[in-house]
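This report concerns only the one structure given below.
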Amino acid sequence: LDQKRDQIIAENNDIIAKESSTSESISKALETISETKELKDKEKEILTLIQNAGYQDVYVEIDGKLVQVTIIKKDATNSDANNVIKTVLQSLGDEYQVEVKFVNE
């Protein structure tokens with residue numbers, strides 16, 4: 011996911027660097043870079059919060075208003091899922107939908 015986001019940033023930096031780019035395309039590229047960096051920061055923040063709550067192997071992806079959290083944990087309970095959902099919503103707010111998935115490996 012980081013590679014995908016870094017590629018988006020690099021592609022938009024290329025647009026900015028081209029002499030043939032219009033001011034409109036440069037403006038759009040700058041906006042895309044800003045949004046992508048903000049998204050990466052939010053994902054990293056959520057990842058850290060969940061890890062601090064005791065779940066070490068965590069993957070977080072935000073897609074629009076959906077936050078997908080995948081955690082490697084055997085014998086996960088509904089309480090584990092509720093704790094993760096609460097943690098995410100406390101950080102991001104109620105406008106997001108949180109999807110939590112536990113996997114064994």
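Each number in the numbering used here corresponds to the 1-based position in the sequence shown with 10 added.
Note that the Cβ used here is the ideal one computed from N, Cα and C, for glycine as well.
Quick caveat, the model's predicted, so the values are computed rather than measured.
Own chain residues within Cβ distance below 7 Å of residue i, not counting five before or after
i	result
Thr80	Tyr69, Lys111, Val113
Close beta carbons around residue i, own chain, < 6 Å, minus the five adjacent residues each side
i	result
Ile26	Ile36, Ala39
Ile19	Ile43, Thr46
Backbone secondary structure at residue i - three-state DSSP
i	result
Lys111	strand
Asp85	coil
Glu21	helix
Leu99	helix
Element boundaries [alpha helix (DSSP H), containing residue i]
i	result
Glu34	33-62
Exposed unless 16 or more other CB atoms sit within 10 angstroms - verdict on residue i
i	result
Asn23	exposed
The beta strand (DSSP E) enclosing residue i, as first and last residue numbers
i	result
Asp73	68-73
Beta-carbon proximity list for residue i, same chain, < 8 Å, skipping 5 on both sides
i	result
Ile60	Val68, Val70, Val79, Ile81, Val94, Thr97, Val98
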